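Worksheet: the structure to be examined is printed underneath.
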Amino acid sequence: MKDLPADERPEIGALANDVRNELTDEINKRQTELENAVMDAQLQAETLDVTLPGQPAIQGQPHVLQQIIESLEDQFIGMGYQIIEGPEVEQDKYNFEMMNLPKDHPARDMQDTFYISPELLMRTQTSPVQARTLEQHDFSKGPLKMISPGRVYRRDTDDATHSHQFHQVEGLVVDKHITMGDLKGTLLAVAHQLFGEDHDIRLRPSYFPFTEPSVEVDVSWNAVTPDTKPEDIEWIEVLGAGMVHPNVLEMAGVDSSVYGGFAFGLGPDRFAMLKYGVEDIRNFYLNDVRFLKQFDQKG
Numbered sequence: 001m002k003d004l005p006a007d008e009r010p011e012i013g014a015l016a017n018d019v020r021n022e023l024t025d026e027i028n029k030r031q032t033e034l035e036n037a038v039m040d041a042q043l044q045a046e047t048l049d050v051t052l053p054g055q056p057a058i059q060g061q062p063h064v065l066q067q068i069i070e071s072l073e074d075q076f077i078g079m080g081y082q083i084i085e086g087p088e089v090e091q092d093k094y095n096f097e098m099m100n101l102p103k104d105h106p107a108r109d110m111q112d113t114f115y116i117s118p119e120l121l122m123r124t125q126t127s128p129v130q131a132r133t134l135e136q137h138d139f140s141k142g143p144l145k146m147i148s149p150g151r152v153y154r155r156d157t158d159d160a161t162h163s164h165q166f167h168q169v170e171g172l173v174v175d176k177h178i179t180m181g182d183l184k185g186t187l188l189a190v191a192h193q194l195f196g197e198d199h200d201i202r203l204r205p206s207y208f209p210f211t212e213p214s215v216e217v218d219v220s221w222n223a224v225t226p227d228t229k230p231e232d233i234e235w236i237e238v239l240g241a242g243m244v245h246p247n248v249l250e251m252a253g254v255d256s257s258v259y260g261g262f263a264f265g266l267g268p269d270r271f272a273m274l275k276y277g278v279e280d281i282r283n284f285y286l287n288d289v290r291f292l293k294q295f296d297q298k299g
């Protein structure tokens, strides 16, 4: 272009631009044709059979223990209960003293405890949540009906039936004119929910420092009909319960001459073992998907 006369440069420059644009268009067109040809060849060589089954989607699900806990929560919500949680690192005051277990009480030996300091510990039960709630509840607004689910800790040696960490769902009802009959009716409803309508319960006298009277609750392992003989029923111990001890009420500032109540403690781990025939509690905590997927909620 520099060697051309000045008057010819505009015409020749415009012509050069037109040629360059045409060549670029042809190159792009040919490149697209080649890319399409490569794609067509791949599609013909990699034919997809749409009738073949697809890869199943891997879906998660709640842990079997969480399923049991949520089932209990749903049932108690339907019965008018509140779900209240509390700290796992607890004060000795709420874990023991307000449960009618003073520092020199011999029943403390029944529970090996993880102490963090003289006054702080890993809670051995979810009862402290009840003590805290009972202390704050305004009974002029109505009765107290609550459950407190959560993890608890004991200095147990892990084996097939014991774990240093497990779950509890503890319940508490406090109002005027509460009776043992109310407690039994509540526990029977729980047993029917977890094990079926054809199962029965029985109450046996027992001892717990925070209830008086106290009972152990058994559920019939086999179905019970009007024709079933008492000697043919196989009973399995599942939980403890009783009427709230007056000392527990008084320590929370509740007048035990006016109010009474019942309390119970459920073990979701124990319930899951009984319901599904699991013989070793450690299986629930090993995170073995082959074991856990058996409890698919859809199954």
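Going by the UniProt record's numbering, the sequence shown opens with residue 1, and the numbers climb by one from there. Each residue gets a CB set at the ideal place from its N, CA and C atoms; glycine is no exception. Please read all numbers here as calculations on a predicted model, not as lab measurements.
Inset, instruction - Using the Cα positions of Ser214 and His63, report the straight-line distance between them to the nearest angstrom. - result: 32 Å
Legend entry - Straight-line gap, His164 to Arg154 (C-alpha atoms, nearest Å): 5 Å
Inset, instruction - Determine, using beta-carbon pairs with one atom in the stretch 250-258 and one in the stretch 216-230, whether at least three such pairs fall under 8 Å. - result: no
Legend entry - Neighbour flag for Met98 against chain C, beta carbons, 9 Å: In the structure shown, chain C does not exist; there is a single protein chain.
Legend entry - Whole-angstrom distance between Val248 and Pro143, CA atom to CA atom: 16 Å
Inset, instruction - Whole angstroms is fine: what's the gap from Glu170's alpha carbon to Asp49's? - result: 56 Å
Legend entry - Cβ-based neighbour list, Pro246, same chain, cut-off 7 Å, excluding 5 preceding and 5 following: Ser256
Legend entry - Reduced DSSP secondary structure (H/G/I, E/B, other) of Arg204: strand
Inset, instruction - Check each candidate in Asp182, Ser206, Ala223 and name the one with the smallest Cα separation from Gly196. - result: Ala223
Inset, instruction - Quick one: using the 10 Å Cβ neighbour count with 16 as the cut-off for buried, is Tyr115 buried or exposed? - result: Counting every other CB atom within 10 Å of its CB across the protein chains shown gives Tyr115 a total below 16, marking it as exposed.
Legend entry - Selection from Leu23, Thr225, Val244 that minimises the alpha carbon distance to Phe262: Checking every option, the nearest Cα to that of Phe262 belongs to Val244.
Inset, instruction - State the Cα-Cα distance for the pair Asp40 and Glu33, rounded to the nearest angstrom. - result: 10 Å
Legend entry - Endpoints, beta strand (DSSP E) assigned at Glu170: 165-175
Inset, instruction - Might you give, ordered along the chain, the residues of its own chain that have their beta carbon closer than 8 Å to the beta carbon of Arg132, omitting 5 neighbours on each side? - result: Gly86, Tyr94
Inset, instruction - Could you tell me the distance, in whole angstroms, from the CA atom of Val19 to the CA atom of Gln31? - result: 18 Å
Inset, instruction - Pull up the distance between the alpha-carbon of Gln294 and that of Asn28, whole angstroms please. - result: 58 Å
Inset, instruction - Go ahead and pull the three-state DSSP assignment for Tyr115. - result: The three-state reading of DSSP puts Tyr115 in strand, counting E and B together.
Legend entry - Three-pair Cβ contact test at 8 Å for the stretch 263-281 versus the stretch 224-233: no
Inset, instruction - Below 8 Å CB to CB, which residues in the same chain sit around Trp235 once its five sequence neighbours on both sides are set aside? - result: Arg202, Asp218, Val219, Ser220, Trp221
Inset, instruction - Let me know the secondary structure DSSP gives Asp296 once reduced to three states. - result: coil
Inset, instruction - Under 8 Å by Cβ, that's how I've got Gln75 and Val190 pegged, so tell me the actual separation to the nearest angstrom. - result: 7 Å
Inset, instruction - Please say whether Pro209 and Asn100 have beta carbons closer to each other than 9 Å? - result: Judged by beta-carbon spacing, Pro209 lies within the 9 Å limit of Asn100, meaning their Cβ atoms are closer than that value.
Inset, instruction - Pick helix, strand or coil for Leu23, following the three-state DSSP scheme. - result: Taken through DSSP and simplified to helix, strand or coil, Leu23 comes out as helix.
Inset, instruction - Return yes when the Cβ of Ile147 is within less than 9 Å of the Cβ of Ile83, no when it is not. - result: With respect to Ile147, Ile83 sits close: the two C-beta atoms are nearer than 9 Å.
Inset, instruction - Grab me the residues of Val289's own chain with a C-beta within less than 6 Å of its C-beta, minus the 5 sequence neighbours each way, in chain order. - result: none
Inset, instruction - Drop a sphere of 10 angstroms on the beta-carbon of Pro53, count the other beta-carbons inside from all chains shown, and report buried for 16 or more, exposed for fewer. - result: exposed
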